[in-house]
Amino acid sequence: MSITRSTAGLCAAAALACAGAPSRAAADVRVQELDDRMARLMQMVQQLDAELRTLKTENEALRAQTRCTETRIDAAAPAAPGSSPAPAPPPPPRPSDPVYLWGYGEIYSMNPVHDRDLAQADLARAVFGIGYAFNADTRFNSEFELEHAIASSSDAGEFEVEQFYLDHALGPDLSLQAGLLLLPMGFLNESHEPTHFYGVQRNFVETLIIPSTWREGGVKLGGTTEAGLRWSLGLTTAPEVSKWDYAPAVVPYRTALGLENNGIGPLQATHQELSLARGRNLGSFVALDDLGLNALRLGASAFIGEVGRVAPGLPAQRATLWEAHARWTPGAWQLSALAAQGTISHTGPANRRYPGTANPMPARFEGWLVEAAYDRLWQAGDWRLAPFARYEHYNLGAAYEGLAPGFGPRPTAPLPTADGATAQYPHAQDRVATLGANLMLTQGVVFKFDYQYFRINSNFSRLDFGIGISFD
């Protein structure tokens with residue numbers, strides 16, 4: 013609102029003219045007085061206008077906050093029978109908001125082709141990440157995972173913390189991390205969202221030999237050179253061999269799904285995940301990945317650590333694991349290869365303490381894989397079909413020490429199963445061929461199907477279907 017002083021003066025003069033004309037000097041005085049009064053009035057009106065604008069802004073903010081609160085209350089209220097209330101939309105993000113979220117999840121349908129009674133469906137995992145940026149250089153990251161839908165004393169599910177660490181930038185290409193960390197090994201251990209790999213489940217080599225997702229408590233220093241070489245090294249807690257189960261009461265798994273879920277791999281069975289971890293023995297790792305080559309990625313990593321002893325009086329043991337990987341992506345093709353091998357020292361004295369055991373500790377375990385995928389066999393909008401083929405070999409007991417005379421690493425007689433039946437103990441090695449495809453619905457959503465043929469444990473052969481999501 014604005015009225016000029018000259019306009020106010022004209023109004024005053026007109027008013028005097030209508031009232032009868034006193035002397036010229038008196039009229040000028042009266043006009044000046046009215047002009048001054050009008051100016052003060054306009055100043056008051058402008059102040060009032062500014063206050064009204066401020067009040068309007070505050071009122072709109074209060075109304076928006078009230079609507080957000082009402083939406084959260086409505087979302088929390090129980091839905092009426094038969095109704096499906098829409099989820100409450102999140103409040104609009106603020107550019108300065110230091111909190112950020114991400115997540116991923118997988119659902120499987122596993123169908124053994126030789127025994128349909130063993131078919132299973134599973135919400136394998138639901139993972140939610142929470143991060144907080146303290147400033148431009150220091151961040152906190154965490155992931156919380158629920159496996160198999162229900163976590164209770166009578167169910168197979170687990171609730172666990174997968175990551176929980178601080179990340180501080182020491183420079184443009186140098187960072188320090190501390191907390192519960194994922195070890196930088198292979199293709200999947202650090203990047204294992206379902207939209208990042210082919211097949212319904214992760215490959216066996218990066219599950220049984222490299223125990224993805226392998227995490228330990230510790231510190232990690234890493235960076236990237238100008239030539240594209242990414243490197244990292246760190247000091248962490250180590251696996252603990254006293255956790256090894258020498259006397260399993262039942263056959264640990266009867267299907268390929270059970271093989272991946274039951275923690276039967278040597279480092280799967282002994283890593284501590286920072287859960288009341290024994291901290292006396294430590295491990296160290298180093299990893300290199302050359303990302304500077306055109307369409308070619310080459311990398312390798314190694315871990316070595318003291319892993320305690322199976323029982324008092326036995327020698328202290330040490331575990332090592334190394335892996336090397338390569339990936340070439342010419343055009344729409346993705347060609348990958350990986351090899352890994354691990355060792356555990358002084359297994360002979362430990363195995364001799366438990367003669368005839370159904371589960372001796374291996375001195376060496378190893379595996380390798382080759383995989384070919386074509387990223388765009390068919391594409392329409394966001395939909396994209398990517399077929400793949402993989403061939404892999406895993407051996408959980410490539411070498412043993414200290415086995416009792418007349419006993420092998422695998423029992424020959426049938427053993428009881430968890431459901432009260434009996435079954436042959438599965439072979440600890442196999443060659444697996446997988447043929448399937450990923451169907452990307454849109455960014456972050458994938459449907460998967462594949463067929464897996466097991467050459468040795470032939471009853472593990474299966475047809476799989478899955479859904480995966482990932483967002484950030």
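Using this note's numbering, the letters of the sequence shown map in sequence onto residues 13 to 484. The beta carbon of each residue, even a glycine, is placed where N, CA and C say it ideally should be. All values derive from a computational prediction rather than experimental measurement.
Report task. Kindly list the residues whose CB is nearer than 6 Å to the CB of Arg-106, restricted to its own chain and excluding five residues on each side of it in sequence; keep chain order. Result -> Residue mapping note: residue 106 aligns to position 94 of the sequence shown, counting from 1. Low local confidence applies: a pLDDT of 47 at Arg-106 is under 50, so the model's placement there is unreliable, with the coordinate-based value given in what follows. Hits under 6 Å: none found.
Query raised in the report: Can you tell me the Cα-Cα spacing of Phe-140 and Ala-163, whole angstroms?
Result: To locate residue 140, count along the sequence shown from 1; it is residue 128. To locate residue 163, count along the sequence shown from 1; it is residue 151. Each residue's alpha carbon lies about 16 Å from the other.
Query raised in the report: Expressed to the nearest angstrom, what Euclidean distance is found between the alpha-carbon atoms of Leu-178 and Leu-194?
Result: Translated into the one-based positions of the sequence shown, residue 178 becomes position 166. Translated into the one-based positions of the sequence shown, residue 194 becomes position 182. Whole-angstrom Cα-Cα distance: 13 Å.
Query raised in the report: Do the CB positions of Gly-211 and Asp-442 come within less than 9 Å of each other?
Result: Locating residue 211 in the sequence shown gives position 199, where the first residue counts as 1. Locating residue 442 in the sequence shown gives position 430, where the first residue counts as 1. Against a cut-off of 9 Å, the Cβ pair of Asp-442 and Gly-211 comes out as no contact.
Query - Distance between Pro-223 and Asp-127 (C-alpha atoms, nearest Å) - result: For the purposes of this step, residue 127 is identified with residue 115 of the sequence shown, where counting begins at 1. For the purposes of this step, residue 223 is identified with residue 211 of the sequence shown, where counting begins at 1. The straight-line gap from Cα to Cα measures roughly 28 Å.
Report task. Return the Cβ separation of Pro-374 and Ala-352 in integer angstroms, given the expectation that the two are a contact with Cβ distance under 8 Å. Result -> To locate residue 374, count along the sequence shown from 1; it is residue 362. To locate residue 352, count along the sequence shown from 1; it is residue 340. No, Pro-374 and Ala-352 are not in contact; Cβ-Cβ is about 14 Å, not under 8 Å.
Query raised in the report: For Ala-416, which residues of its own chain have a beta-carbon under 7 Å away from its beta-carbon, when the five flanking residues on both sides are left out?
Result: Your numbering for residue 416 matches position 404 in the sequence shown. For Ala-416, where only same-chain residues beyond five positions count, the Cβ hits under 7 Å are Pro-367, Gly-368.
Query raised in the report: Could you check where the alpha helix (DSSP H) with Leu-269 kicks off and where it finishes?
Result: The residue labelled residue 269 in the question sits at position 257 within the sequence shown. Leu-269 -> alpha helix (DSSP H) spans 268-273.
Query raised in the report: When burial is assigned at 16 or more other CB atoms within 10 Å of the CB, is Ala-268 buried or exposed?
Result: What you label residue 268 is simply residue 256 of the sequence shown in a count that begins at 1. Buried: at least 16 other Cβ atoms inside 10 Å.
Query raised in the report: From Ile-142 to Gln-391, what does the alpha carbon distance come to, in whole angstroms?
Result: Translated into positions along the sequence shown, residue 142 becomes position 130. Translated into positions along the sequence shown, residue 391 becomes position 379. Here the alpha carbon of Ile-142 sits roughly 34 Å from the alpha carbon of Gln-391.
Query - 4-residue-minimum alpha helix (DSSP H) runs that sit fully inside the stretch 249-316, ordered along the chain - result: 268-273
Requested in this report: Measure the alpha-carbon distance for Gly-480 versus Phe-459 and round it to whole angstroms.
Outcome: The residue given as residue 480 occupies position 468 in the sequence shown. The residue given as residue 459 occupies position 447 in the sequence shown. So the two alpha carbons sit approximately 6 Å from each other.
Query - Whole-angstrom distance between Leu-453 and Gly-94, CA atom to CA atom - result: Taking the sequence shown and counting its residues from 1, the one referred to as residue 94 is at position 82. Taking the sequence shown and counting its residues from 1, the one referred to as residue 453 is at position 441. Because Gly-94 sits at a pLDDT of 43, beneath the cut-off of 50, its placement in the model cannot be relied upon, and the following sentence gives the value as read from the coordinates. Going from the Cα of Gly-94 to the Cα of Leu-453 covers about 29 Å.
Query raised in the report: What did DSSP end up calling His-337 once you bin it into helix, strand or coil?
Result: By one-based count along the sequence shown, residue 337 stands at place 325. His-337: strand per DSSP, three-state reduction.
Report task. Give me the Cα-Cα distance between Ala-88 and Ala-138, rounded to the nearest whole angstrom. Result -> As a first step, residue 88 must be located in the sequence shown, where it is residue number 76. As a first step, residue 138 must be located in the sequence shown, where it is residue number 126. For Ala-88, the predicted structure reports a pLDDT of 38, less than 50, and the residue's modelled location is therefore unreliable. A value from the coordinates is still provided. Taking the straight line from one Cα to the other gives about 21 Å.
**Report entry** His-208 (DSSP reduced to helix, strand or coil)
**Finding:** Counting from 1 along the sequence shown, the entry for residue 208 is found at position 196. The answer is helix: DSSP assigns His-208 an H, G or I state.
Query raised in the report: How many whole angstroms separate the CB atoms of Gly-379 and Asn-407, which I take to be in contact at a CB cut-off of 8 Å?
Result: Locating residue 379 in the sequence shown gives position 367, where the first residue counts as 1. Locating residue 407 in the sequence shown gives position 395, where the first residue counts as 1. Between Asn-407 and Gly-379 the Cβ distance is about 6 Å, and since that is below 8 Å, they are a contact.
Requested in this report: Starting from the Cα of Leu-192, find the closest Cα among Ile-221, Gln-175, Phe-483 and give me that residue.
Outcome: Walking along the sequence shown from the start, residue 192 turns up at place 180. Checking every option, the nearest Cα to that of Leu-192 belongs to Gln-175.
**Report entry** Close-in-space but distant-in-sequence residues of the same chain around Ala-299 (CB under 6 Å, 5 per side omitted)
**Finding:** Counting from 1 along the sequence shown, the entry for residue 299 is found at position 287. The beta carbon of Ala-299 is closer than 6 Å to those of Pro-196, Ser-244, Ser-313 in its chain, skipping five residues each way along the sequence.
Query raised in the report: How should Phe-199 be labelled, buried or exposed, when 16 other C-beta atoms within 10 angstroms of its C-beta is the threshold for buried?
Result: Residue numbering aside, residue 199 sits at position 187 when the sequence shown is read from its first letter. The residue is buried, with at least 16 neighbouring Cβ atoms inside 10 Å.
Query - Endpoints, beta strand (DSSP E) assigned at Ala-445 - result: Numbered from 1 along the sequence shown, position 433 holds the residue referred to as residue 445. Unbroken beta strand (DSSP E) run through Ala-445: 441-454.
Query raised in the report: Going along the chain, which residues of its own chain have a beta-carbon closer than 6 Å to the beta-carbon of Asp-394, five neighbours each way excluded?
Result: For the purposes of this step, residue 394 is taken as residue 382 along the sequence shown, with counting starting at 1. Hits under 6 Å: Thr-454.
Query raised in the report: Grouping DSSP H, G and I as helix and E and B as strand, with all else coil, what is Ile-468?
Result: Within the sequence shown, residue 468 is the residue found at index 456, counting from 1. Here Ile-468 sits in coil by DSSP.
Query - Under the three-state DSSP convention, the category Pro-104 falls into - result: For the purposes of this step, residue 104 is taken as the residue at position 92 of the sequence shown. No answer about Pro-104 holds up, because its pLDDT of 48 lies below 50 and its placement is not dependable.
Query raised in the report: For Asn-407, which three-state DSSP category applies?
Result: Here residue 407 refers to the residue found at position 395 of the sequence shown. Of the three classes helix, strand and coil, the one that applies to Asn-407 here is strand, per DSSP.
Requested in this report: Assign Leu-389 to buried or exposed, taking buried as 16 or more other Cβ atoms, counted over all protein chains shown, within 10 Å of its Cβ.
Outcome: Working through the sequence shown from its first residue, we reach residue 389 at position 377. It is exposed - the Cβ of Leu-389 has fewer than 16 other Cβ atoms within 10 Å.
Query - Nearest-angstrom beta carbon gap, Leu-288 and Ala-250 [assumed within contact, 8 Å] - result: Taking the sequence shown and counting its residues from 1, the one referred to as residue 250 is at position 238. Taking the sequence shown and counting its residues from 1, the one referred to as residue 288 is at position 276. Leu-288 and Ala-250 do not touch by the CB rule: their CB atoms are close to 14 Å apart, not below 8 Å.
Requested in this report: Rank Lys-255, Pro-110, Arg-309 by C-alpha distance to the C-alpha of Pro-342 and give the top, closest one.
Outcome: Counting from one through the sequence shown, the residue named residue 342 turns up at place 330. That would be Arg-309, whose Cα lies nearest to the Cα of Pro-342.
Query raised in the report: Taking C-beta to C-beta, are Gln-346 and Ala-401 nearer than 9 Å?
Result: The residue given as residue 346 occupies position 334 in the sequence shown. The residue given as residue 401 occupies position 389 in the sequence shown. Not in contact: Gln-346 and Ala-401 (Cβ atoms no closer than 9 Å).
Query raised in the report: Which class does Asn-147 belong to by DSSP, given the choice of helix, strand or coil?
Result: As a first step, residue 147 is located in the sequence shown; it is residue number 135 there, counting from the start. In this structure, Asn-147 counts as coil in the three-state DSSP scheme.
Query raised in the report: Can you tell me whether Ala-362 is buried or exposed, with buried defined as 16 or more other CB within 10 angstroms of its CB?
Result: Residue mapping note: residue 362 aligns to position 350 of the sequence shown, counting from 1. The residue is buried, with at least 16 neighbouring Cβ atoms inside 10 Å.
Query raised in the report: Excluding the five sequence neighbours on either side, which residues of its own chain have a C-beta within less than 8 Å of the C-beta of Ser-187, listed in chain order?
Result: Numbered from 1 along the sequence shown, position 175 holds the residue referred to as residue 187. Closer than 8 Å at the Cβ level, and outside the excluded window around Ser-187, lie Asp-179, His-180, Ala-181, Leu-233, Gly-234, Gly-235.
Query raised in the report: Are the Cβ atoms of Leu-303 and Leu-220 separated by less than 9 Å?
Result: If you number the sequence shown from 1, residue 303 lands on position 291. If you number the sequence shown from 1, residue 220 lands on position 208. Leu-303 places its beta carbon 9 Å or farther from that of Leu-220.
Report task. Would you mind reading off the limits of the beta strand (DSSP E) that contains Gly-360? Result -> As a working mapping, residue 360 is identified with position 348 in the sequence shown. Not the beta strand (DSSP E): Gly-360 falls in the alpha helix (DSSP H), residues 359-364.
**Report entry** Coarse secondary structure for Asp-179, derived from DSSP in three states
**Finding:** Start at 1 with the first residue of the sequence shown, and residue 179 comes out as number 167. Reduced to three states, the DSSP call for Asp-179 is strand.
Requested in this report: Would you check if the distance between the CB atom of Ala-336 and the CB atom of Gly-311 is smaller than 9 Å?
Outcome: Indexing the sequence shown from 1 puts residue 336 at position 324. Indexing the sequence shown from 1 puts residue 311 at position 299. Yes, Cβ-Cβ distance for Ala-336 and Gly-311 is below 9 Å.
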